[in-house]
Amino acid sequence: MNNVKDEYILSMENITKIYGNGFMANKNVNLRVKKGEIHALIGENGAGKSTLMKVLFGQEQPEEGKIIYKGKEVKITNPLVALDHGIGMVHQHFMLAPSLTVAENMVLGIEPKNKGFFDYAEAVRLTSEVSKKYNLPIDPNAKVKDLPVGYKQRVEILKILLRGVDVLILDEPTAVLTPQETDELFVQLRELRKQGYTIIFISHKLKEVKSLCDNLTVLRNGRVTGIASVADLSEQDISRLMVGRDVSLTIEKDSPKTKKTVLKVRNLTYKNSDNKALVSNVSFSIREGEILGIAGVEGNGQREISALITGLEEKQSGDIYLFDEEISSQSIRKLREKGVSHISEDRMTFGTVADASVEENLISDRFYKKEFNKNGLLDAKKIADLSNKLIKEYLVKCDSKNAEIKTLSGGNIQKVVAAREFSANPKLIIANQPTRGIDVGASEFIRKKLISLRDKGSAVLLISADLTEVITVSDSLLVMNEGKIVAYFDDTNDLTEETVGEYMLGIKHQTAEEIGGCCYE
Amino acid sequence: MNKVIKIENQFRVIRVALSIAIALAIAFLIISFVSNDPLFTMYNFIIGPFTSINRIGNIIEVMTPLLFTAVGVCIMYSANQINMASEGAFFLGGVATAYIAVTYSIPAGLHPVVAILAGGIVGAFICGIPALMYVKFKALPVVSSLMINYVCLYLGLFIINYIIRDPEAGYMASYKFIKTAVLPDLFSRTNVHFGLIIGLAIVFIGYLYLMKSKWGYSIRMIGKNPNFAKYSGINVPAVIIGCQLLGGFIAGIGGAVEQLGMYTRFQYQKLPGHGFDGVMIAILARYNPKYVPLAAFFLAYIRVGADVMARTSDVPVEIVSIIQAVIIIFVASERFLEGWKLKKIVKSTKEAFVEEEDNAVKEA
Ligand SMILES: Nc1ncnc2c1ncn2[C@@H]1O[C@H](COP(=O)(O)OP(=O)(O)OP(=O)(O)O)[C@@H](O)[C@H]1O
Ligand SMILES: [Mg+2]
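First to last, the protein sequences are chains A and B. First residue of the first sequence: 1, per my numbering; consecutive thereafter. First residue of the second sequence: 1001, per my numbering; consecutive thereafter.
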């Protein structure tokens, strides 16, 4: 009997968590994790995964239940206690100080000192050391706010590794990583497992769960609905456990019926303050009724391209035409009025206001329009109707339209963004990582939505680090490497991930003529 | 979830009431140390302000200018622009009004309107400077606006003492305001003046503007996440400047109304502090103009109470600063009583949960 117990390095028993708004996010949850395993915690958006892990990490206090760690009951009253015990967590949403450098963030709270003063050089050295050790390269002197999301995530992971933990909680670490980065991370995680580290891994990507994890626990609506050994299950089985129904993991779509050219990008070049070209000489077109994908390792100019088209960044050179009109000097509001929708890859910075209600987040692009105003004031009734309709249509799980965004789960926040952007009658949709962090069921929903918008005549630019997604959803595909387009495929039907991968990594290169195929008039 | 909202509302009231009670208890404690007759002193402090029409009038008079500055601050701070220049705007707005009120003869109905508008425009200009400096040069408004207050003070004193000073007044003050400019009193036995009505109107309009209109929405979203506002298509710099012009305009009107309602000539020799009080009231009101009258009334009440106390007993008026500080700290601290509130919410949710489970079992 004793032996069985010893097997578990960690067991959370009968955990019940009720949030300040009266929401019960965990209901009598049991989680048992063996030493040296990678344990998957899976479930739909809002199932209570992050909540359970926050309880374990001491960020939230459970109303009931206990945590038994290394054979003893422990009270984890705050994250410092958790770290002391050797439990570390990498959050779904970043917890970094954006104006500080990577090295400064890395040592936050454990600053190296030299004669009583903060020793920055040592911080840089420590950073480079872990970064090398775990093969996750990063520039220690870069400001965090200048990093693309994938790199911010990397800093978070390194930060926890630097603190030396036994149990590593990773809350959707791969949501923002590219396939290559993910592979690298997995190599590291397997290595850590071999060394006896225990890892709790949250992901919506079943393939990852399948390839990486040993056991899994499924949550639905705050309850455990399944505990199993991963080897016994197929991806289909897992998704059924999560969602409670069969989810189609493939996508059905008709061939595109393209019409007029909507967007023309010509010779777009963008340099950062160090005069490094993040986007160089990029040209392409998108037509009505077409989804053009951009595949590429994150940080190869995709973010800049979407920011330039949507007016968030000022253009430096090149031209951007929307229906033959040069748009780069126009205000964001004008662009939105002309039918440009934008799902930003960074939903907490651009996509939403954490401290505002779901409703306030849903109307930000249209609140000023006549239809939502009456007698000089906002028309509360019309706005409420719209919000309730969108919440229902997009299956946003929230208390009510008045719930603050920060009380929603990550995936549900993304649904709010999608609901706003897709319901704006878009002519052009710039969708940057639209299904990042979204569960299988909801991803299916968003992808179908994108395709149905395409069928209604919208032009879609789909930027995604998820190769499967970008290949299956797009009609044609660009591949980017170091700010340049390196390949164009006018048909994605027979395309394999391996082929695209080679271009992404810069191993292969198409000729200028071949790439030129993506420019129409 | 309705239950939760009910609990939250209950606690909002309990928290304010309890903060006030604690603050008064502390006041009482201090008073019993300094006073020979603490009960009588306390009586004067708490009940004193309500013992005569005159004193009640005093509360309203003290409250009136605060309505303006607080609403102005609500608007600016909702955009997360920590602009302290409403103090200067109030002061220099008053000077501008005084200038118009002593130099031009304009027909009766029109004279105060022109004078007040002048005050508002000057106020807008004052609060607009830090705003512009922020948008153009990223100079933090909290610093630049504090500096600007001094510019306002000395510029104002210069105008009063060298341009419109009345040498026959016997002290540093402007000429008397021309009769046509003065705001009428509302009640015969007090100095409560027409400015109160203007102030309440500003509160009402300010509330609709900030909480119910598209402009207010833009301001609040920018305050909470300017990146999001920009991404959504809101013209962030324009709104940032606009809301501070407006905040300054309202503070300036406040300065104007105060001059024309309470005084016969301009006689401030230093900053009156009403702009800073406005910040305090706006914080108490959580930047919602709806709660400004209540907060302003409360502050005016303890000020008048302190005054009565100082005049009728042996405790100095400074005691009120301490009480004020204690109350603000408690009311503004979100976490005060939070634990108790959470417990109640958790309990009610658990009960609902158990009931739900029971029902499920029964059905099965
Ligand atoms: N601070 C909070 N206050 C109130 N409710 C909250 C809070 N945080 C989370 N919730 C609610 O608790 C539920 C579970 O949230 P949680 O973040 O644990 O979900 P999750 O399983 O991690 O989902 P996702 O996959 O989308 O990240 C959600 O319905 C969410 O709205
Ligand atoms: Mg989560």
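No residue lacks a Cβ here, since even glycine has one placed at the ideal position from N, Cα and C.
- Legend: CB atoms of the stretch 1136 to 1151 of chain B lying less than 9 Å from CB atoms of chain A are not found in any residue.
- A distance of 8 Å or more separates the beta carbons of G1206(B) and F1090(B).
- With three or more CB-CB distances shorter than 8 Å, the stretch 1154 to 1174 of chain B counts as touching the stretch 1092 to 1108 of chain B.
- Contacts with chain B (Cβ-Cβ distance below 9 Å) from the stretch 21 to 41 of chain A involve N21, G22, F23, M24 and K27, listed in chain order.
- Between ligand 2 and K49(A), a heavy atom-to-CB distance of less than 7 Å is present.
- Between the stretch 11 to 20 of chain A and the stretch 169 to 181 of chain A there are fewer than three inter-stretch CB-CB distances shorter than 8 Å, so the stretches are not counted as touching.
- Listed along chain B, no residue sits closer than 8 Å to H93(A) by beta-carbon distance, the nearest being about 14 Å off.
- The continuous alpha helix (DSSP H) containing A121(A) extends over residues Y120 to K133.
- In the three-state reduction of the DSSP assignment, H509(A) falls in the coil class.
- The shortest C-alpha to C-alpha distance from K159(A) to any of K374(A), M348(A), V33(A) and S131(A) is the one to S131(A).
- Identification of residues in the stretch 372 to 390 of chain A having a C-beta nearer than 7 Å to some C-beta of chain B yields N373, G376, L377 and L378, given in sequence order.
- Residues of the same chain with a CB within less than 8 Å of the CB of V1192(B), apart from the 5 flanking positions on each side, are G1057, I1060, E1061, T1064, D1185 and L1186 in chain order.
- Runs of the alpha helix (DSSP H) lying entirely within the stretch 282 to 339 of chain A and spanning at least 4 residues, in chain order: 302 to 309 and 332 to 337.
- Think of a sphere of 7 Å around the beta carbon of F1011(B): no beta carbon from chain A falls inside it, the nearest being about 11 Å out.
- Of the heavy atoms belonging to ligand 2, none sits nearer than 7 Å to the Cβ of D1307(B).
- At a cut-off of 8 Å between beta-carbon atoms, S1078(B) makes no contact with chain A.
- R333(A) belongs to the set of residues whose beta carbon lies under 8 Å from a beta carbon in chain B.
- Ranked by how close their Cα comes to the Cα of I451(A), the residues V500(A), F367(A) and G289(A) have G289(A) in first place.
- By the Cβ criterion, the stretch 244 to 260 of chain A is not in contact with the stretch 75 to 91 of chain A, since fewer than three pairs of Cβ atoms, one from each stretch, lie closer than 8 Å.
- The C-beta distance from S306(A) to N432(A) rounds to 5 Å, short enough to fall under 8 Å.
- As the crow flies, the alpha-carbon of D166(A) is around 23 Å from that of A228(A).
- The Cβ atoms of V1326(B) and A1017(B) lie no closer than 8 Å to each other.
- Taken in chain order, the complete alpha helix (DSSP H) segments of 4 residues or longer contained in the stretch 208 to 269 of chain A are 235 to 243.
- Not a single C-beta of chain B is nearer than 8 Å to the C-beta of T225(A).
- Ranking S423(A), I286(A), E521(A) and N361(A) by CA distance to the CA of Y488(A) puts I286(A) first.
- Along the length of the stretch 1115 to 1170 of chain B, whole alpha helix (DSSP H) runs at least 4 residues long occupy 1141 to 1158, reported in chain order.
- Scanning the stretch 13 to 60 of chain A for uninterrupted alpha helix (DSSP H) segments of 4 residues or longer gives 49 to 56, listed from N- to C-terminal end.
- The residues R287, E288, G289 and G457, in chain order, have a CB closer than 8 Å to that of K259(A) in the same chain once the five nearest residues on each side in sequence are set aside.
- Within the stretch 129 to 150 of chain A, contact with chain B at the beta-carbon level (separation under 8 Å) is assigned to no residue.
- DSSP, read as helix, strand or coil, puts E482(A) in coil.
- Contact between V1257(B) and I1198(B) holds: CB atoms are separated by about 6 Å, below the 8 Å threshold.
- Residue nearest to S364(A) within the set L467(A), Q302(A) and S387(A) is S387(A) (criterion: CA-CA distance).
- Counting the other Cβ atoms within 10 Å of the Cβ of I202(A) gives 16 or more, which makes it buried.
- Not a single heavy atom of ligand 2 lies less than 7 Å from the C-beta of G1255(B).
- Taken from the Cβ of G410(A), at least one heavy atom of ligand 2 lies inside 7 Å.
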